[in-house]
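Numbering (mature numbering (1 follows the signal peptide of the UniProt record, and there is no 0)), first residue to last: -18 to -1, 1 to 238. Note that beta-carbon positions come from the ideal geometry of N, C-alpha and C, so glycine has one too. From a predicted model like this one, the values you see are computed outputs, not experimental measurements. To keep things clear, I will list the structure first and then write my remarks on it.
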């Protein structure tokens, strides 16, 4: 009786840990058919198995349609910049706003050191993605430290924030991609499930993304200026899933 009592007391004393969230873990392959579209009427008929689409502009019904087709849906949000047209723009106090993003009217860099402010906002955004049924998030502008951000961000600040973003997504059962931030790929690839890159072939820096493929994680490459005949052979050799797009990111694309 005493032993049984002790065991019973121990059972109550030790807290039961919740099972960790599981999430989609895509595998690296140059053969992945993917699409990214942020403008125009969303074309769900594109021959692709992965769609990267705007989180606000895409409905739960559209995500469900993609799932019925056997495709995965990635939810685009900006995690490193303020956008004055978003529904939650008023949640960002002036104290966390930095310099304007060059060439992007209405956007400002965020002071990513202020997790006390930004953490709850990003959590709400990611929860919105999860409620719509998205499989993953594509958090943009995770490289403020490498730009004229206006708030003095360092590489260490960015590493801390980006890892927090990855952990936040995983805690909600979402895969998460690293957008650009090539100088920190080696440190961040273990925390992220895939990479989304713009113009690594144009800037001759695709080799910096190979740690993702080495870990079996896909690289989704977008080129705007380089023709497919120029970049596709090298992208295939690296194991990247590469497409050519117009910078408007409409439905138009050219595949390798």
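Practice task
Compare the beta carbon distance of residue 50 and residue 155 with 9 Å and say whether it is the shorter of the two.
Solution key: For this step, residue 50 is matched to residue 68 along the chain shown. For this step, residue 155 is matched to residue 173 along the chain shown. No, these two residues do not count as a Cβ contact at 9 Å.
Exercise for the section: Give every residue of the same chain whose Cβ lies closer than 7 Å to the Cβ of residue 127, excluding the five residues on either side of it in the sequence, and list them in chain order. Expected result: Here the question's residue 127 lines up with position 145 in the chain shown. Around residue 127: 135, 136, 137, 139 and 140.
Exercise for the section: Go through its chain and collect everything with a Cβ distance to residue 271's Cβ below 7 Å, but skip five positions before and after it. Expected result: In the structure as shown, the chain starts at -18 and stops at 238, and residue 271 therefore has no counterpart that could be examined.
Handout entry: Proximity of residue 28 and residue 8 at Cβ, strictly below 9 Å
Key = Here the question's residue 28 lines up with position 46 in the chain shown. Here the question's residue 8 lines up with position 26 in the chain shown. Their beta carbons are not under 9 Å apart, which means residue 28 does not touch residue 8 by this criterion.
Handout entry: At least three beta-carbon pairs within less than 8 Å, the region 187 to 203 to the region 160 to 175
Key = yes
Handout entry: Spatial neighbours of residue 198 in its chain, beta-carbon cut-off 7 Å, leaving aside the 5 residues before and after
Key = Stepping through the chain shown from its first residue, residue 198 is reached at position 216. Within the same chain, residue 198 has close Cβ partners 9 and 10.
Problem - Assigned secondary structure, residue 216 (DSSP; H/G/I helix, E/B strand, else coil) - result: Here residue 216 refers to the residue found at position 234 of the chain shown. Helix.
Problem - Beta-carbon spacing of residue 222, residue 195 below 9 Å - result: For the purposes of this step, residue 222 is identified with residue 240 of the chain shown, where counting begins at 1. For the purposes of this step, residue 195 is identified with residue 213 of the chain shown, where counting begins at 1. Yes, the pair counts as a contact, with Cβ atoms nearer than the cut-off.
Exercise for the section: Have a look at residue 12 and residue 87 and give me their C-alpha separation to the nearest angstrom. Expected result: The residue you call residue 12 lines up with position 30 of the chain shown. The residue you call residue 87 lines up with position 105 of the chain shown. Cα to Cα, the separation comes out at about 34 Å.
Practice task
Check whether the region 100 to 118 touches the region 53 to 70, taking contact to mean three or more Cβ pairs, one atom from each stretch, closer than 8 Å.
Solution key: yes
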